[in-house]
Structure formats: structure tokens, C-alpha cells
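Right, one structure below, let's go through it.
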Amino acid sequence: MTEPTLETISNLAKRRGFVFQSSEIYGGLRSAYDYGPLGVELLRNVKDQWWKAMVQSRSDVVGLDSAILQARQVWQASGHEEVFTDPMIECRNCNARLRLDKLDDPNRCPTCGVSGQFTEPQEFNLMFRTHMGPVESDDNMVYLRPETAQGIFINYENVRRTNRLKLPFGIAQVGKSFRNEITPGQFVFRTREFEQMEMEFFCRPEDADEWFAYWLDERMAWYVDLGMSEEKLRLRHHESDELSHYSSGTADVEFMFPWGWDELEGIANRSDFDLKQHSEHSGEDLTYFDQEANERFFPYVIEPAAGATRTTFAFLIDAYSEETVNDDTRTVLKLDPRLSPYKAAVLPLSKKAELIEPTEKLAAELRKRWMVEVDITQSIGRRYRRQDEIGTPYCVTVDFDSLEDGAATVRSRDTMEQDRVSLDQIPSYLAERL
Ligand code: GAP
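The sequence shown maps to residues 1 to 434 in the numbering used here.
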């Protein structure tokens with residue numbers, strides 16, 4: 001099968017209600033997107049699976065939900081106010097503003113094709129600013145967070161003390177982040193408002209290399225376990241000139257996007273940079289006292305930092321497939337059932353009232369456990385195709401025989417095989433397979 005283009009995926013996402021352009025009725029706000037009924041389920045399932053793997057199933061990681069607005073000093077201490085910048089140039093011919101470090105040819109404008117017309121690069125800070133309270137002044141200026149991580153560092157001591165945590169331990173957070181990207185694009189890949197899934201794992205300095213290697217393995221395994229094709233995933237270690245200001249070692253999990261390999265997640269050894277900075281700037285002692293060793297030190301931090309919206313996009317691309325069935329092409333989203341927006345669709349063969357009643361009754365039973373859709377429009381073949389295209393793993397068809405035998409036909413998305421299952425057994429039939 002040929003790989004889907006970016007256009008194929010963005011068209012499917014819009015047509016089926018996964019993702020819409022923000023403020024579309026006013027012409028659209030570039031680089032912000034709204035997640036529709038299917039997109040919100042897929043995104044939520046990705047975040048839930050991350051939380052399950054990173055928090056729920058572990059005894060050494062706890063969760064946090066910190067505020068998006070934090071004191072300006074947080075971003076001064078973290079270094080973001082000074083160095084969270086990208087080099088921006090402007091084309092004098094067409095006025096396009098571009099990121100110098102992302103150009104294939106640093107002399108030629110990719111927008112108008114003219115060479116030699118760039119201005120000198122300027123360091124452009126990516127943080128969005130707003131003001132707290134009714135007066136707009138420098139004193140009440142705050143930033144929208146560009147990463148969820150700092151919310152974790154500034155709560156490190158609160159969380160450690162209240163939960164009596166001992167090294168090594170992690171604090172995880174999922175939430176919105178904002179970056180005023182110079183060149184957003186590739187649909188939801190790089191946006192100015194997006195969601196992250198980050199975990200800061202605190203450990204003894206001498207154990208940091210071991211934990212770094214451990215988290216590289218864990219994070220790669222997470223994507224594969226959720227069905228992402230192994231051949232479309234790779235780890236790439238950063239060169240020293242690529243490292244962020246806080247990092248003493250980073251590797252990216254990369255995915256083969258329609259335009260080539262690109263970043264899904266960064267796993268960094270942040271050393272003791274952030275805790276030291278916040279200790280110095282706030283005056284709070286953020287060292288850790290190891291009673292057994294009778295030692296006081298700043299813990300090191302290993303950080304697996306993934307994009308929730310970007311990862312959701314990658315799962316969508318990876319799941320897309322087209323198959324020829326009886327000279328017809330069917331589009332199937334082969335999502336792992338844990339990620340599928342709907343786990344099942346209940347389809348009455350006809351709109352007649354005698355079929356609608358058992359359909360609704362069955363759907364109500366299944367909805368106690370799963371997201372389930374009832375679809376009564378169009379031919380049954382078209383309804384199957386639609387469910388295939390949105391990744392629903394099972395369709396349950398209620399037909400006129402159901403009124404006699406108390407059973408329905410369950411069709412698998414992937415094999416298209418059908419089983420006749422008695423209505424009261426359908427919840428357990430699905431539970432065994434989902
Ligand atoms: N706390 C570390 C940190 O934020 P990062 O590599 O800048 O590291 C982590 O971001 C992840 O967040 C990226 O790998 C990517 O998946 C996601 N991300 C970053 N900027 C993004 C953007 N503008 N749009 C969508 N996702 C983004």
C-alpha cells in the first residue's frame with residue numbers, strides 16, 4: 001500500500017470530524033485546531049494510555065495538574081525568558097518570516113523562490129505573553145507556559161513532602177502548552193497551542209545514565225505496544241550543538257511522517273539544572289536529603305516529554321490503510337482498539353421501529369463500558385465502510401432474524417469476518433476482544 005499523504009490525512013480528519021480549523025467560520029485561525037467528536041476521543045485515549053503506562057501502573061510515579069499561568073520568575077529561573085528563542089529572518093521580497101534553522105537553503109526563500117533577500121537573523125522568543133488583572137504593565141505580565149515541565153519543578157518539594165517520596169521517583173503531567181512558533185505547519189504537527197505529556201523522573205546523579213537508557217527503552221516500547229509500526233519509529237541522539245539549554249543529553253523518538261523522519265518525543269537528561277535554578281532564584285532549598293547515606297544533594301532529572309496532539313496525529317497516520325476488497329477500495333483506520341474513538345457501532349438493518357428498540361437497548365448496555373455509536377442511515381455496506389474509516393473495531397448488526405433468535409451479527413473491522421452472537425453475550429464477546 002502507498003503511504004498516505006499529509007493531504008489524505010488532513011482531509012479524512014476534517015471530513016470525519018476528528019479535527020477542525022480553529023475559528024473556521026471567521027476564515028480560520030492559523031496554527032490552532034479544534035478536536036471534533038472523534039478527535040477528542042482519540043486524543044483522550046492517547047492521553048489515557050500514556051497516564052496508564054506512566055502513572056497508574058507504576059509505584060514510583062505520581063501525577064500533577066499545575067496551572068498554565070505561573071509567576072514570571074519561573075521562566076526567568078528556567079532560562080526560557082532569555083534563551084527560549086528561534087532564529088527568525090524575513091524575506092525582503094515577499095515579507096515571509098521564517099526560521100533560519102529549518103531552511104534547506106539558507107539563502108533562498110521557500111515562499112517566493114528569490115535568493116539573497118533575507119534580513120539578519122533575530123532571536124525571537126517563543127513564549128506568549130498576557131497580563132494578570134485589569135492593568136497591562138510590565139509588573140503583571142505573565143507567560144502562557146511553553147512546557148508543562150516547569151509546573152513540576154516548582155511543585156517538586158510540595159509533592160515530595162506531602163507524598164513522602166523517596167528517590168527515585170517521577171512526577172507526571174498532561175496538559176496544554178503554548179509556543180508562538182515562527183513557522184507552524186504540517187497540519188497539527190507544529191501548532192501554537194498544543195498538548196504535552198511529560199514526566200520528570202528524579203534520581204541520584206550517579207544513576208542518571210542508567211535511568212536515561214531505561215526511559216528510552218520504555219518509551220519506544222509504549223508506541224510499539226499501542227500498535228505503531230516499528231519500522232516507522234527510530235531513536236536519534238542529539239549532537240551536542242542541538243541540545244536545549246538545560247540538557248546534558250537528549251534522544252528523540254522519531255516517526256516517519258509523510259514528509260520524512262521528525263520528532264514525536266524528546267527524552268532528556270536535564271541533570272540538576274532546573275532544581276538548582278529554582279533553588280537559587282526562589283531561595284527555597286530544593287536539595288534532597290538521603291537519610292541512609294546521610295547526604296544532601298540536588299537530584300538529577302530524566303525527562304520523557306511527548307506531544308499528545310502530535311502523537312495522536314502520528315497514530316492516525318500510521319493506522320491509515322487502503323485495501324482492495326472485491327474490486328472496491330476500503331479505507332481502514334487500523335487503530336489499536338484501546339485508541340479507537342468508538343469501540344463498537346450498533347447498526348439496525350432497517351429503520352423500522354421493531355429493530356430500533358433492540359438496537360437502542362443493546363447500545364445502552366454497551367455504553368455502560370465503552371463509547372458506542374448507533375448509525376441508522378444509508379445501506380449497511382456504506383455504514384460498515386464509514387466505521388472502518390473511523391477505526392471502529394466492531395460493528396453489531398441487528399436484523400429481522402434478531403427478533404426471532406435473540407442474536408446479532410458482529411463484524412470485525414480487520415478481518416471482516418462475522419459471528420452470530422446472542423444479544424446478551426455481546427458485552428462479554430466484545431470484552432474478550434477489546
Ligand atoms: N519539557 C521539554 C520539552 O518541552 P520539547 O522537545 O520542546 O521538550 C516535547 O517538547 C514534545 O512536545 C515534542 O517532542 C513534541 O511532540 C511536542 N511539541 C513541542 N512543540 C510543539 C508544537 N509547537 N506543536 C505540537 N507539539 C509540540
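Just so it is clear, CB atoms sit at the ideal spot from N, CA and C, and this is done for glycine as well.
Residue j beta carbon less than 8 angstroms from that of residue i
i, j, result
"phenylalanine 202", "leucine 167", "yes"
"glycine 249", "phenylalanine 189", "no"
"serine 422", "alanine 407", "yes"
"isoleucine 267", "leucine 226", "no"
"glycine 133", "asparagine 140", "yes"
"asparagine 269", "isoleucine 302", "yes"
"phenylalanine 473", "phenylalanine 178", "Because the chain is modelled from 1 through 434, residue 473 falls outside the range shown and cannot be assessed."
"leucine 64", "threonine 183", "no"
"arginine 4", "proline 393", "The residue asked about is misnamed: residue 4 is proline in this sequence, not arginine. Result no, Cβ atoms of proline 4 and proline 393 do not sit closer than 8 angstroms."
"glutamine 117", "arginine 145", "no"
"lysine 176", "isoleucine 25", "no"
"glutamate 265", "proline 205", "no"
"arginine 413", "glutamine 387", "yes"
"isoleucine 154", "glutamine 70", "yes"
"leucine 126", "asparagine 180", "yes"
"alanine 314", "tryptophan 50", "no"
"glutamine 277", "alanine 77", "yes"
"threonine 331", "glutamate 417", "no"
"phenylalanine 297", "threonine 309", "no"
"isoleucine 426", "leucine 362", "yes"
"serine 66", "glutamine 173", "yes"
"tryptophan 261", "alanine 53", "no"
Start-to-end residues for the beta strand (DSSP E) that takes in residue i
i, result
"glycine 260", "260–271"
"asparagine 125", "122–125"
"glutamate 295", "295–297"
"aspartate 328", "328–333"
"proline 337", "Element bounds for proline 337: n/a, residue is neither H nor E."
"phenylalanine 18", "Where phenylalanine 18 is concerned, there is no enclosing beta strand (DSSP E), given that its DSSP letter is neither H nor E."
"arginine 97", "97–99"
"leucine 347", "344–348"
"arginine 129", "129–131"
"aspartate 290", "288–290"
Residues of its chain near residue i, where Cβ-Cβ distance is below 8 angstroms and the 5 sequence neighbours each way are ignored
i, result
"threonine 359", "Val346, Leu347, Pro348, Val374, Ile376 and Val398"
"methionine 220", "Leu233, Leu235 and Val253"
"leucine 165", "Val62 and Val159"
"histidine 131", "Ser137, Asn140, Met141 and Val142"
"valine 19", "Ser10, Ala13, Tyr33, Asp34, Tyr35, Gly36, Gly39, Phe187 and Val188"
"valine 114", "Cys91, Asn93, Cys94 and Arg108"
Closer than 8 angstroms to chain C by CB, residue i
i, result
"asparagine 294", "In the structure shown, chain C cannot be found, because there is only a single protein chain."
Where the alpha helix (DSSP H) through residue i begins and ends
i, result
"histidine 80", "80–83"
"threonine 162", "156–162"
"leucine 316", "308–319"
"leucine 430", "426–433"
"leucine 436", "Here the chain has residues from 1 to 434 only, and residue 436 is not among them."
"alanine 77", "72–77"
Residues near residue i by beta carbon distance below 6 angstroms, same chain, minus five either side
i, result
"serine 271", "Ser248 and Tyr300"
"tryptophan 370", "Lys343"
"glutamate 79", "The identity of residue 79 in the sequence shown is glycine, whereas the question assumes glutamate. Closer than 6 angstroms at Cβ, skipping near neighbours: His245."
"aspartate 419", "Val410"
"asparagine 95", "none"
"threonine 329", "Glu322"
"methionine 256", "Lys232"
"histidine 237", "Ala251"
"serine 31", "Pro184, Thr191 and Arg192"
"arginine 58", "none"
"serine 282", "none"
"glutamate 147", "Ser177"
Nonlocal neighbours in the same chain, by C-beta distance under 7 angstroms from residue i, ignoring five residues either side
i, result
"glutamate 230", "Val224"
"glutamate 263", "Asp252 and Glu254"
"glutamine 122", "Met88"
"alanine 319", "Leu333, Lys334, Leu335 and Gly391"
"leucine 243", "Thr250"
"glutamate 81", "Trp75"
"glutamate 365", "Pro427"
Mind pulling the beta strand (DSSP E) runs of 3 or more residues that sit fully within the region 368–418?
-> 372–374, 394–398 and 407–412
Ignoring anything shorter than 4 residues or poking outside the region 20–66, list the alpha helix (DSSP H) runs there in chain order.
-> 37–51
Do the region 194–214 and the region 82–95 make contact, defined as three or more Cβ pairs closer than 8 angstroms?
-> no
Considering only residues of the region 145–206, which uninterrupted beta strand (DSSP E) runs meet the minimum length of 3 residues and lie entirely inside it, listed in chain order?
-> 169–178 and 193–203
Kindly confirm or deny that the region 326–345 and the region 39–49 touch, where touching means at least three C-beta pairs closer than 8 angstroms.
-> yes
Identify every run of the alpha helix (DSSP H) within the region 199–254, keeping only runs that are complete inside it and at least 4 residues long; order them along the chain.
-> 208–225
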